[in-house]
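Everything in the sequence shown is counted per UniProt numbering, starting at 1 for the first residue and increasing by one. Backbone N, C-alpha and C define an ideal beta-carbon position, used for all residues, glycine too. Following: one structure in structure tokens, then a few remarks.
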Amino acid sequence: MGRINGRKAAVALTAGLVGFAGTGMAVAKGGISANLALSGSFFTVTIGGLSGQDFSLFMDNDTKGDDHLPVARVKIKEAKASDLCLSTTVPNLPAVGEATLSLRANGQNSVDADDLIVGSTDIKGSLRMADPNLGIDASQVNPEAPDDAWGLHSKDVQVVADKIIATSVGAKQLNVSGVEASVRRGTENAC
1 MGRINGRKAA VALTAGLVGF AGTGMAVAKG GISANLALSG SFFTVTIGGL
51 SGQDFSLFMD NDTKGDDHLP VARVKIKEAK ASDLCLSTTV PNLPAVGEAT
101 LSLRANGQNS VDADDLIVGS TDIKGSLRMA DPNLGIDASQ VNPEAPDDAW
151 GLHSKDVQVV ADKIIATSVG AKQLNVSGVE ASVRRGTENA C
């Protein structure tokens, strides 16, 4: 039976985090657009404001390890967001203990996304919709939705997300400006 070398694991994690921070800096300077896909662990997202077109929400499932979790799947065709914060905490980082990675993009319309998809177990905030349809078969307006899934759809949406517990976030295209990434012991830098 093998064992994990704490020093090698810490070096590999540090290299990955440096690469992540470098990518964040390139995105912040407008150098690249990022395709974002995070899953497998819970993370917290807060959004000061979001406006979007072609909004749908339906019930689905996501995986965390070997478990399947029920989630609300939110899809927005075109979205602009302000004051975004995303953070996740690792409870037992080798040679460090508890540590939190935080990614922030402050400012008006600092995030621009196409085909944004979020899987979430909990959403807290406010929502304003134009021409909403509730209780529809979500697969009729969203091909990613399972057949006969309960759904909600609107042409336009305005969102303030005080707190989202997310299992996954994905986007066909994601542009972020003013990115600040930090990794700290404990949870002081969490959203």
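TODO: Report yes if the CB atom of A81 is closer than 7 Å to the CB atom of I123, and no otherwise.
DONE: Walking along the sequence shown from the start, residue 81 turns up at place 81. Walking along the sequence shown from the start, residue 123 turns up at place 123. With respect to the 7 Å criterion, A81 and I123 are not classified as neighbours on the basis of their beta carbons.
Task: Selected residue, minimal CA-CA separation from I165, among G52, P70, S56 and F55 - done: Translated into the one-based positions of the sequence shown, residue 165 becomes position 165. I165 has its Cα closest to that of P70, out of G52, P70, S56 and F55.
- [ ] Indicate whether the contact test is met: 3 or more Cβ pairs, each with one atom in the region 171-190 and one in the region 79-97, closer than 8 Å.
- [x] Contact between the region 171-190 and the region 79-97 is present, because at least three Cβ pairs lie under 8 Å.
TODO: Note down, in chain order, each residue of its chain lying with its Cβ closer than 7 Å to the Cβ of G178, except the 5 sequence neighbours on either side.
DONE: As a first step, residue 178 is located in the sequence shown; it is residue number 178 there, counting from the start. Hits under 7 Å: A28, A105, N106, G107 and S110.
- [ ] Quick one: grab the DSSP three-state call for S177.
- [x] Along the sequence shown, read from residue 1 onward, the residue named residue 177 stands at position 177. In this structure, S177 counts as coil in the three-state DSSP scheme.
TODO: Report the residue from Q158, D137, N142 and V157 whose alpha carbon sits nearest the alpha carbon of D148.
DONE: One-based indexing of the sequence shown puts residue 148 at position 148. Nearest C-alpha to D148 among Q158, D137, N142 and V157: D137.
- [ ] Return the CA-CA distance between A130 and D156, expressed in angstroms with no decimal places.
- [x] Mapped onto the sequence shown, residue 130 falls at position 130. Mapped onto the sequence shown, residue 156 falls at position 156. One Cα belongs to A130, the other to D156, and the distance between them is close to 5 Å.
Open item on the list: By the DSSP assignment, the beta strand (DSSP E) with E98 in it spans what residues?
Closed with: For this step, residue 98 is matched to residue 98 along the sequence shown. Looking at the DSSP string, the run of the beta strand (DSSP E) that includes E98 is G97 to A105.
- [ ] Going by DSSP, name the residue or residues bridged to G151.
- [x] On the sequence shown, residue 151 is found 151 positions in, with the first residue counted as 1. Under the DSSP definition of a beta bridge, G151 partners with F58 and I136.
Task: Euclidean distance between Cα positions of A113 and V169 - done: Position 113 of the sequence shown, counting from 1, holds the residue named residue 113. Position 169 of the sequence shown, counting from 1, holds the residue named residue 169. Looking at the two C-alpha atoms, the distance is approximately 11 Å.
- [ ] Just grab the DSSP bridge partners of V71 for me.
- [x] Translated into positions along the sequence shown, residue 71 becomes position 71. Residue pairing for V71: DSSP places it in a beta bridge opposite D60.
Task: Boundaries of the beta strand (DSSP E) in which A130 is found, first to last residue - done: Within the sequence shown, the letter at position 130 stands for residue 130. Counting along the chain, the beta strand (DSSP E) containing A130 begins and ends at V111 to A130.
Open item on the list: In this structure, how does DSSP classify T167 when only helix, strand and coil are distinguished?
Closed with: One-based indexing of the sequence shown puts residue 167 at position 167. If DSSP states are grouped into helix, strand and coil, T167 belongs with the strands.
Open item on the list: So for A28, helix, strand or coil by DSSP?
Closed with: Reading the sequence shown from its first residue, position 28 is the one you call residue 28. Confidence at A28 is low in this model, with a pLDDT of 41, below 50, so the placement of that residue is unreliable and no value is reported for it.
Task: Spatial neighbours of S182 in its chain, beta-carbon cut-off 7 Å, leaving aside the 5 residues before and after - done: Taking the sequence shown and counting its residues from 1, one reaches residue 182 at position 182. Taking S182 as the centre and dropping the five residues before and after it, the same chain places the C-beta of S102 and N189 closer than 7 Å to its C-beta, in chain order.
- [ ] Identify, in the order they occur along the chain, each residue of the same chain with its Cβ nearer than 6 Å to the Cβ of V85, setting aside the five sequence neighbours on each side.
- [x] Numbered from its first residue, the sequence shown carries residue 85 at position 85. As written in the sequence, residue 85 is Cys, which differs from the Val given in the question. Around C85, the same chain offers T46, R104 and C191 as residues with beta carbons nearer than 6 Å, after the five sequence neighbours per side are excluded.
Open item on the list: With distance defined between alpha-carbon atoms, name the residue in E180, L57 and G49 nearest to A145.
Closed with: Locating residue 145 in the sequence shown gives position 145, where the first residue counts as 1. The option with the nearest alpha carbon to A145 is L57.
Task: Environment of G65 [buried if 16+ CB atoms lie within 10 Å] - done: Along the sequence shown, one-based indexing puts residue 65 at 65. By the neighbour-count criterion, in which a residue is buried when 16 or more other Cβ atoms sit within 10 angstroms of its Cβ, G65 is exposed.
- [ ] Determine the direct distance from the alpha carbon of I117 to that of Q173, and round the result to whole angstroms.
- [x] As a first step, residue 173 must be located in the sequence shown, where it is residue number 173. As a first step, residue 117 must be located in the sequence shown, where it is residue number 117. Going by C-alpha positions, Q173 is about 11 Å away from I117.
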